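Chemist: Counting from 1 along the sequence shown, just add 324 to a position and that's the residue number in the numbering used here. From the three backbone atoms N, C-alpha and C, an ideal C-beta is built for every residue, glycine too. This one's a predicted model, so the numbers in the text were calculated from it and none came from an experiment. Could you have a look at this structure, given as structure tokens, before my questions?
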Amino acid sequence: MLQSDTDRKIRDIRLAELVKYCMISGALDLNLYQEYDVKRGLRESDGKGVLTGLTEISDVVAFRTVNGEKEPQLGELYYQGYNVMDLKNGFAKRKFNFEETVYLLLFGALPNHQQLQSFIEILGQYRELPNKFVRDVIMKAPSMDVMNALQRSVLTLYSYDENPDDISIPNVLKQCLSLIATFPLISVYAYHSYQHYHNDKSLVIRYPDPKLSTAENILRILREDGQYTELEARVLDIALVIHAEHGGGNNSSFTTHVVSSTGTDTYSAIAASLGSLKGPKHGGANLKVENMFEDIKANVHNWGSDEDVRGYLMKIINKEAFDGSGLIYGMGHAVYTLSDPRAVILKEYARSLSEEKDRVEEFELYDRVERIASELLTSRKKLHKPICCNVDFYSGFVYSMLGIPKQMFTPIFAISRIAGWSAHRIEELVNAGKIIRPAYKYVGHHREYVELDNR
Numbered sequence: 325m326l327q328s329d330t331d332r333k334i335r336d337i338r339l340a341e342l343v344k345y346c347m348i349s350g351a352l353d354l355n356l357y358q359e360y361d362v363k364r365g366l367r368e369s370d371g372k373g374v375l376t377g378l379t380e381i382s383d384v385v386a387f388r389t390v391n392g393e394k395e396p397q398l399g400e401l402y403y404q405g406y407n408v409m410d411l412k413n414g415f416a417k418r419k420f421n422f423e424e425t426v427y428l429l430l431f432g433a434l435p436n437h438q439q440l441q442s443f444i445e446i447l448g449q450y451r452e453l454p455n456k457f458v459r460d461v462i463m464k465a466p467s468m469d470v471m472n473a474l475q476r477s478v479l480t481l482y483s484y485d486e487n488p489d490d491i492s493i494p495n496v497l498k499q500c501l502s503l504i505a506t507f508p509l510i511s512v513y514a515y516h517s518y519q520h521y522h523n524d525k526s527l528v529i530r531y532p533d534p535k536l537s538t539a540e541n542i543l544r545i546l547r548e549d550g551q552y553t554e555l556e557a558r559v560l561d562i563a564l565v566i567h568a569e570h571g572g573g574n575n576s577s578f579t580t581h582v583v584s585s586t587g588t589d590t591y592s593a594i595a596a597s598l599g600s601l602k603g604p605k606h607g608g609a610n611l612k613v614e615n616m617f618e619d620i621k622a623n624v625h626n627w628g629s630d631e632d633v634r635g636y637l638m639k640i641i642n643k644e645a646f647d648g649s650g651l652i653y654g655m656g657h658a659v660y661t662l663s664d665p666r667a668v669i670l671k672e673y674a675r676s677l678s679e680e681k682d683r684v685e686e687f688e689l690y691d692r693v694e695r696i697a698s699e700l701l702t703s704r705k706k707l708h709k710p711i712c713c714n715v716d717f718y719s720g721f722v723y724s725m726l727g728i729p730k731q732m733f734t735p736i737f738a739i740s741r742i743a744g745w746s747a748h749r750i751e752e753l754v755n756a757g758k759i760i761r762p763a764y765k766y767v768g769h770h771r772e773y774v775e776l777d778n779r
């Protein structure tokens with residue numbers, strides 16, 4: 325039965341009342357966190373994460389110990405023991421660097437020529453979706469949020485798997501390789517479907533080329549003409565490399581461990597990780613950075629003036645500009661202090677790409693904001709440690725220069741991070757640990773039941 329406008333208004337009024345009760349009943353006395361020494365956000369009082377697990381997949385380094393004291397150092401990121409900066413330098417101008425990184429994360433060692441070529445061929449063979457999946461799943465009820473469509477598609481793939489609940493390592497590896505290979509297709513096709521059905525854009529569904537790398541295929545199937553330059557493919561490839569993994573403590577990888585520890589299927593575990601990454605405090609952060617810079621560009625008359633830029637950043641910090649949050653997005657990190665190695669690498673490529681795209685002036689604005697924001701935030705917040713920009717600071721700018729639409733920013737992150745999630749899922753299952761179950765302390769009051777007529 326269809327509801328009338330009156331019925332809907334009455335429903336909304338009742339819902340508003342329920343919301344009030346929700347807010348009142350859900351509010352806790354925040355002083356209790358300190359009284360019971362609760363590690364909010366699983367963080368120690370100094371901001372360091374609470375140790376909840378062990379991993380060999382990657383290491384995030386931001387401090388060194390000197391005479392028993394912790395001192396900040398330039399940030400370092402290691403994949404299976406290899407410094408990402410060394411990997412970047414070793415990759416040079418080869419085009420299958422992301423694929424090599426996936427191999428390293430999954431199998432713990434760098435492949436030789438034969439192993440890499442075999443692995444590339446395997447991914448190419450898995451880079452196809454079930455028959456009519458695009459029509460029956462991706463194009464049905466297309467979502468304006470590609471992450472939602474990606475999550476829904478992953479859960480639906482469960483129905484196409486002959487052994488979806490088999491969590492033996494051979495089967496899980498096969499499932500993970502299939503997801504790694506098809507994430508680019510699902511994401512790009514979901515974007516095109518939404519653009520077609522909701523914005524009347526031409527629908528172009530192009531099949532991937534097994535001879536091309538993941539980065540090349542993304543650009544090929546995303547763009548209407550399927551064309552791209554060598555530099556564009558290299559930049560996207562390195563962006564996938566540096567986003568592929570970042571320790572077991574980041575929210576989405578920790579989610580992978582938590583959900584995998586229950587013994588559930590791969591599709592459910594990865595869908596949960598996608599839900600985590602979608603959040604603006606995690607994978608959606610680069611979109612906030614890009615929106616902030618659009619605001620800065622519109623309101624700072626002279627981009628080349630330190631004084632003008634500093635003045636507007638102070639307005640943002642004082643909650644007088646942009647979104648009123650007081651935050652300069654892309655600045656600061658939970659672990660890194662002096663530098664985020666991923667941001668250092670991406671900045672290098674952003675500079676090169678800005679020259680090809682004739683957007684050097686914009687790159688210089690990003691560079692200027694980075695420098696001035698670090699000074700302002702450090703002095704303003706009276707911090708004892710420096711603040712550096714994080715990987716999100718330059719990633720949105722890079723994606724925009726590559727012609728990647730904003731709706732695809734976080735999905736590109738997911739296309740990369742599925743490699744790390746897969747490695748963490750396998751690590752959790754191989755070690756057959758206990759179900760992850762942290763404690764929550766009840767701070768309410770026990771009450772006697774009251775009959776309905778007496779309330």
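Looking at residue 543: is its Cβ nearer than 8 Å to the Cβ of residue 560?
Modeler: yes
Chemist: Report the CB separation of residue 387 from residue 400 in whole angstroms; it is logged as a contact under 8 Å.
Modeler: Going by Cβ atoms, the distance from residue 387 to residue 400 rounds to 10 Å, so no, they are not a contact pair.
Chemist: Can you give the Cα-Cα distance for residue 336 and residue 368, rounded to whole angstroms?
Modeler: 42 Å
Chemist: Taking 8 Å as the threshold (C-beta atoms), are residue 735 and residue 468 in contact?
Modeler: No; because the gap between Cβ atoms is not below 8 Å, this pair is not in contact.
Chemist: Just the Cα atoms here: how many angstroms apart are residue 341 and residue 334?
Modeler: For residue 341 and residue 334, the distance between alpha carbons rounds to 11 Å.
Chemist: Our contact map puts residue 680 next to residue 555 with C-beta atoms below 8 Å; I'd like the distance itself, whole angstroms only.
Modeler: Confirmed, Cβ separation roughly 6 Å.
Chemist: In three-state DSSP terms, what is residue 557?
Modeler: helix
Chemist: Quick check: what's the CA-CA separation for residue 579 versus residue 508?
Modeler: Cα-Cα distance, rounded: 22 Å.
Chemist: Buried or exposed, going by whether 16 or more other CB atoms sit within 10 Å of the CB of residue 382?
Modeler: buried
Chemist: How far does the alpha helix (DSSP H) with residue 332 in it reach, from first residue to last?
Modeler: 329-350
Chemist: Which residues does DSSP list as the beta-bridge partners of residue 389?
Modeler: 394
Chemist: Given that a residue counts as buried once 16 or more other Cβ atoms are within 10 Å of its Cβ, and exposed if not, what is residue 629?
Modeler: It is exposed - the Cβ of residue 629 has fewer than 16 other Cβ atoms within 10 Å.
Chemist: Cα separation between residue 721 and residue 374?
Modeler: 33 Å
Chemist: Return the chain-ordered list of same chain residues with a C-beta closer than 6 Å to the C-beta of residue 514, the five sequence neighbours on each side being excluded.
Modeler: So the list reads 462, 470, 473, once near-sequence residues are dropped.
Chemist: Please classify residue 463: does DSSP put it in a helix, a strand, or coil?
Modeler: coil
Chemist: Straight-line CA distance for residue 758 to residue 582?
Modeler: 10 Å
Chemist: Measuring only the C-alpha atoms, how far is residue 766 from residue 359?
Modeler: 13 Å
Chemist: Can you find at least 3 beta carbon pairs, one from the segment 760-774 and one from the segment 497-504, that sit closer than 8 Å?
Modeler: No, the segment 760-774 does not touch the segment 497-504.
Chemist: Return the CA-CA distance between residue 487 and residue 684, expressed in angstroms with no decimal places.
Modeler: 52 Å
Chemist: Report the rounded CA-to-CA distance for residue 729 versus residue 546, giving the unit in angstroms.
Modeler: 10 Å
Chemist: Mapping DSSP to helix, strand and coil, what is residue 399?
Modeler: strand
Chemist: For residue 541, tell me which candidate among 505, 690, 626 has the shortest Cα-Cα distance.
Modeler: 505
Chemist: Given a cut-off of 8 Å on the beta-carbon distance, is the pair residue 665 and residue 426 in contact?
Modeler: Between residue 665 and residue 426, the gap from beta carbon to beta carbon reaches 8 Å or more.
Chemist: Does the segment 608-628 touch the segment 658-677, meaning 3 or more C-beta pairs lie closer than 8 Å?
Modeler: no
Chemist: With a threshold of 8 Å, are at least 3 pairs of Cβ atoms found where one atom belongs to the segment 587-604 and the other to the segment 707-717?
Modeler: no
Chemist: Report the residue from 633, 549, 638 whose alpha carbon sits nearest the alpha carbon of residue 686.
Modeler: Its Cα nearest to that of residue 686, the residue 633 stands out among 633, 549, 638.
Chemist: One question on the structure: do residue 783 and residue 745 come within less than 8 Å of each other, judged by their Cβ atoms?
Modeler: With the chain represented from 325 up to 779, any question about residue 783 goes unanswered, as that position is not in the structure.
Chemist: Helix, strand or coil for residue 610? Go by DSSP, reduced to three states.
Modeler: helix
Chemist: Give me whichever residues DSSP pairs with residue 655 in a beta bridge.
Modeler: 713
Chemist: Are the CB atoms of residue 377 and residue 572 nearer to each other than 8 Å?
Modeler: yes
Chemist: Helix, strand or coil: how does DSSP classify residue 367 here?
Modeler: strand
Chemist: Out of curiosity, what's the CA-to-CA distance linking residue 678 and residue 724?
Modeler: Straight-line spacing of the CA atoms in residue 678 and residue 724 works out to 11 Å.
Chemist: My assumption, with CB atoms under 8 Å, is that residue 652 sits in contact with residue 636. Please give the rounded CB distance.
Modeler: Not really, about 11 Å apart at Cβ, beyond 8 Å.
Chemist: What is the DSSP secondary structure of residue 384, reduced to helix, strand or coil?
Modeler: strand
Chemist: Going by DSSP, what residue range makes up the alpha helix (DSSP H) through residue 420?
Modeler: Neither: residue 420 is in no alpha helix (DSSP H) and is coded neither H nor E.
Chemist: Rounding to the nearest angstrom, what Cα-Cα distance links residue 714 and residue 655 in this structure?
Modeler: 6 Å
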